[in-house]
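K.L.:
In UniProt numbering, the protein residues as written are 1 to 73. Cβ coordinates follow ideal geometry from the N, Cα and C atoms, glycine included.
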Amino acid sequence: MPIIIELDVMLARRKMRSKELAERIGITEQNVSLLKSGKVKGVRFETLEKICDVLDCQPGDILIYEPEKTPED
Numbered sequence: 001m002p003i004i005i006e007l008d009v010m011l012a013r014r015k016m017r018s019k020e021l022a023e024r025i026g027i028t029e030q031n032v033s034l035l036k037s038g039k040v041k042g043v044r045f046e047t048l049e050k051i052c053d054v055l056d057c058q059p060g061d062i063l064i065y066e067p068e069k070t071p072e073d
């Protein structure tokens, strides 16, 4: 998938655990884990907004676009 989620990097920069983030944004720790691993097909803007608010970051700090390489690349 060309969208890379670097939530784990931002959590480390903020010295915050997944459990604390989950509690502060109102989702389960399991869902935070799924987000961190990139095993989700989407994220609600409301959730993204809460994550950015708690971590004091911009969406571009945790979502990175890397185009998939094609055979001719």
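Does the count of Cβ pairs from the segment 40-47 and the segment 12-23 closer than 8 Å reach three?
P.N.:
The segment 40-47, when compared against the segment 12-23, does not touch it at the 8 Å Cβ threshold.
K.L.:
If we count the other Cβ atoms within 10 Å of its Cβ and call it buried at 16 or more, is residue 32 buried or exposed?
P.N.:
Looking at its Cβ environment, which holds 16 or more other Cβ atoms inside 10 Å, residue 32 is buried.
K.L.:
State the CB to CB distance for the pair residue 54 and residue 27, rounded to an integer number of angstroms; the pair is presumed to be in contact (CB under 8 Å).
P.N.:
The Cβ separation is near 11 Å, so there is no contact.
K.L.:
Can you tell me which of the three DSSP states residue 62 falls into?
P.N.:
If DSSP states are grouped into helix, strand and coil, residue 62 belongs with the helices.
K.L.:
Which residues mark the beginning and the end of the alpha helix (DSSP H) in which residue 51 is found?
P.N.:
Note, residue 51: alpha helix (DSSP H), 45-55.
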